[in-house]
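Here is the structure we will look at, set down as structure tokens.
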Amino acid sequence: MDSSSLSPYILLFNALSQIPTCHYLVAFLIISITFLYKFLEVHFFEDVFFKSQGTPITYNPSSPFCNAILSSCKILHSRFVATTWISSPHFQTAFLQFCGRSPVFSYRRHLFRTSDGGTIALDWLMNADVSGGAFGINGASLPMNNAISQDETTPIVVVVPGLASSSTSNYLKNLAFNLAKHGWNVVVSNHRGLGGVSITSDCFYNAGWTEDLRAVANYLHDKYPKAPLFAIGTSIGANILVKYLGEDGEGTPIAGAVAVCNPWDLLIGDRFICRRLLQRIYDKALTIGLQGYAQLHEPLYTRLANWEGIKTARCIRDYDHYATCHVGKFETVDTYYRHCSSAAYVGNVSVPLLCISALDDPVCTREAIPWDECRANPNIVLATPQHGGHLAFFEGLTASSSWWIRAVDEFLGVLRSSPYIHVQKKQTSGQHSALDSSIDQYPHLHVAEDGIVTAASGEEKTDGIEDIKNLQMLSEEKTTEMLSNAEQEKHVTEAKSDFMSETCQTSEIAKNIQGVESPDITSPLRKIPKSDFAAE
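Start counting the sequence shown at 1; every next residue gets the next number (full-length UniProt numbering).
Here it is, written out as structure tokens:
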């Protein structure tokens, strides 16, 4: 048959059949490697041929703190180079979870009780333990006893773990050991229900639950007043830490802090983790971890949440819908995410704060980083390495060290010896919040026979009768059916400007009260100390 009469497709097939099979295998291999290189976000060739100048750092250039501290932080400025054979954010994160190594030592455990009856496991690793080799036997916990004197001046750093992590996690053990070795007393504040401790109240932790950190920080500061207190938060723990610092502002006892791999905006993070196939794998893995946590406390979740929904949850959002929203009393999942995101609190942070977020973090997206807010706050330094994965940052040929742990150790070491550490600003006598009532501002109270209580300062001459007169006048002012216009005018002119705040409050109450008789302004008064009134 003449070849010119054959179909072009047949000619093409005949030509392709002449190519050796091994050539097809090589081509398939090249295409597969290229696809996986892109799909897994490998950056090996980028590290080799396109070397960056260093870690990008965002800060307020007019801040004396930022300029002084950053000039001494060489590691923070250095370029992070990932271990060659795990040069991918996914390889890095997986290596942290499945292959990470940690030193062998034992914590000293102290069970801290919260005001609502909850229990938090505080796991200590002291500098003296590391230098003295007190590592316990086969991982057994050492007794806390009086391991630290109340006059101890060695700085303390409290660590807030990530989601479903505890003090036994490899990355936290590496962090604790490294800090303790360099002169710190480290305490890991495990979340409720983790670290082998049962939940002893109806309160669970969540991504925005700052009450436990606040209680632990105040406890440590009160018990060891001479020891500067610092804090480190990782992943969800970083979100809790930043939110707490923003809530308390100048009133926190924390002298300096570090937030590593903070999700920042939980709503954006929720959209991100459902976007691609790889992110959905992380979503499922984290959900399984949360379900394992819930399984440990099944009786409580069965009573307080939707246990059947928790068991069938396929993603973090499902888990939060069936568990977190029920326990935390949130109306919807989005309400929970908006309420608990730390990005909204960045502007109020008054403590020197280092934030480290890898731009290729496969769990906490770069889209949620509040760049402008961090730049505007003179107390914040934001370091954003191009690579590193989630809480990984493994470097060196054997991946035996983590860049972020070295950077955190250096930053805190420079900060603690600088004049920029935060000092808690407590409320002094005579200074009161705008929300304080007048009763809170004076040491004595006036109590009438009919039960009315008013403030009594030491300079008062009328034994509080004027206070009651004003309150009574305002009650009458709004009960117009019982008074003439002339009488109302007389009472209003007698009211003093010193009690305008009480006037506004009483008038609002009186609007809804009709036909109520005013108290007798001549009723006898007793002037008593506030402490005696509380006892009564």
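For glycine and all other residues, C-beta sits at the position ideal for the given N, C-alpha and C.
DSSP lists V260 as the beta-bridge partner residues of T234. Burial is judged here by how many other beta carbons sit within 10 angstroms of a residue's own beta carbon; W85 has fewer than 16 and is exposed. The Cβ atoms of L179 and V186 sit closer than 8 Å to each other.
Annotation: the continuous alpha helix (DSSP H) that includes W404 extends over 403 to 416. V333 and I120 have their C-alpha atoms spaced approximately 26 Å apart. Sequence-distant partners of D116 (beyond 5 residues in either direction) whose C-beta falls short of 6 Å from its own C-beta, in its chain, are S201, C203. Collapsing the DSSP output to three states places T58 in a strand. Contact between the region 24 to 43 and the region 87 to 100 is established, with three or more Cβ pairs separated by less than 8 Å. Check the Cα spacing between P263 and each of E373, F28, C73, A358: the tightest is with A358. Secondary structure note for H390: it is in no beta strand (DSSP E), with a DSSP letter that is neither H nor E. Minimum Cα-Cα distance from S417 among the listed residues T114, A82, L229 corresponds to L229. Less than 8 Å divides the Cβ of A259 from the Cβ of A238.
DSSP, reduced to helix, strand and coil, places D360 outside both helices and strands of the structure shown, so it counts as coil.
Leaving aside the five residues that flank L354 on each side, the residues in its chain whose CB is nearer than 6 Å to its CB run, in chain order, V258, V381, F411. In the displayed model, C22 falls within a helix according to three-state DSSP. For T58, the closest alpha carbon among the candidates L76, F50, V48 is that of L76. Under the three-state reduction of DSSP output, C315 falls in the coil class, being neither helix nor strand.
When secondary structure is reduced to three states using DSSP, L220 falls in the helix class. Secondary structure in the region 107 to 187: the beta strand (DSSP E) runs of 3 residues or longer, each lying completely within the stretch, are 108 to 113, 119 to 125, 156 to 160 in chain order. Out of C340, D47, A313, C364, the CA that lies nearest to the CA of K284 is found in A313. Residues of the same chain with a CB within less than 7 Å of the CB of F95, apart from the 5 flanking positions on each side, are I86, A392, F394, A399 in chain order. Here I236 has G162, L163, A207 as same chain residues with Cβ atoms under 6 Å from its own Cβ, once five neighbours each way along the sequence are excluded.
The closest CA to that of G54, considering only K425, V414, L397, A383, is found on A383. Distance from the CA atom of E331 to the CA atom of Q386, rounded to whole angstroms, is 37 Å.
Annotation for I288: the continuous alpha helix (DSSP H) segment containing it runs 277 to 296.
For T153, the closest C-alpha among the options W184, D123, A176, F177 is that of W184. The criterion of a C-beta distance shorter than 8 Å is satisfied by E247 and Y345. Where I273 is concerned, there is no enclosing beta strand (DSSP E), although the alpha helix (DSSP H) around it starts and stops at 266 to 273.
Contact check for W209 and I254: beta-carbon distance about 17 Å, past the 8 Å limit, so the pair fails to qualify. In the displayed model, V381 falls within a strand according to three-state DSSP.
Membership of H90 in the alpha helix (DSSP H) is indicated by the continuous run 89 to 98.
For S189, DSSP records a beta bridge to L122.
By the Cβ test, the region 308 to 328 is in contact with the region 285 to 294, since at least three Cβ pairs between them sit closer than 8 Å. Sorting L304, E308, S341, S342 by C-alpha distance to the C-alpha of K329 places L304 at the top. Between P56 and F177, the gap from beta carbon to beta carbon reaches 8 Å or more.
Secondary structure at C73: coil, using DSSP grouped into helix, strand and coil.
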